[in-house]
Each structure stands twice: as C-alpha cells, then as structure tokens.
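Numbering (my numbering), first residue to last: 1248 to 1392.
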C-alpha cells in the first residue's frame, strides 16, 4: 500500500504539520553575507567552504552562508526539546510559511572552494590569484611489468 505524503492541503483537522515534518528548519542555519565582488571576498568565501558542513547560496540576489548542523534540542521525534523557551527566531517561524513541502533550488549554490574559484574567474576575472588554486598533484609513477 502506498501512503500519500502529508501536505498542508490533506492535513487532518486538529493535527499539526510538525507531526509529519522531518524538521528541515532545525537542521541548518543561514546567515546573510555581503555580495562578493573582489578576490579577497571570494577568498573569504573559499575559507567558509574549507570547513565541513558549510555552503553558500544565493536567493533573490542575496548571498548566505549556510551551516548544515542540527539544533542540539531537536528530539528523535523531530520536535523541539525546549519548545516553551525556544529562541524568538523559532517562535516567529510558523507552519504557514515553513519549508515543509518545498524542494528548494537556489539561484547559485557553492559546496566546494573549487566552485568558488571557478565562479570568481568567470565573474571577477583572473586578477592576482597566486596560491588560490590547489597545487597540481604529482604524476603517479609509471609501473612496468
């Protein structure tokens, strides 16, 4: 039997959407960053992405640092363990505009420092970027039998 995925439209009366949610909003946070427009700005962005679980995205022309990390108060049932004392940003978030049934696609999305370098080269130009790319690895020795 195929179970229909719960949507806002087919939510049973008296039920809360959170009961069916994978808690996307509790598994990351995003902070706005200045739009990079210099080699130095892109180098900072590269530094962000040298850290595990970080990415950068652009939405509606605004740039964000995205940190993929789970809230320490998220419970195994995907509910908030400090619901009554949760931060104001969580209180302002509602199921009316949450990302429960969103499949987000960003205007731009960077996961690796190399992607940042490629984007920078395409938009800002070459400039003085000595040391910004990883060095080319040495060639492997040729094995003869």
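Quick reminder that beta carbons are idealized off the backbone N, C-alpha and C, glycines included.
Remember, it's a predicted structure, so these values are computed and weren't measured experimentally.
By a C-beta neighbour count over all protein chains shown, 10 Å radius and 16 as the cutoff for buried, is residue 1363 buried or exposed?
buried
Hey, residue 1275 and residue 1316: beta-carbon distance below 8 Å or not?
yes
According to the Cβ coordinates, are residue 1321 and residue 1270 closer than 8 Å?
yes
CB residue 1236 to CB residue 1388, shorter than 8 Å?
Nothing can be reported for residue 1236, as the shown portion of the chain is limited to 1248 through 1392.
What's the gap between the Cα of residue 1255 and the Cα of residue 1284?
40 Å
Select from 1386, 1306, 1278, 1323 the residue whose C-alpha is nearest the C-alpha of residue 1336.
1278
For residue 1305 and residue 1353, believed in contact at Cβ under 8 Å, the rounded distance:
6 Å
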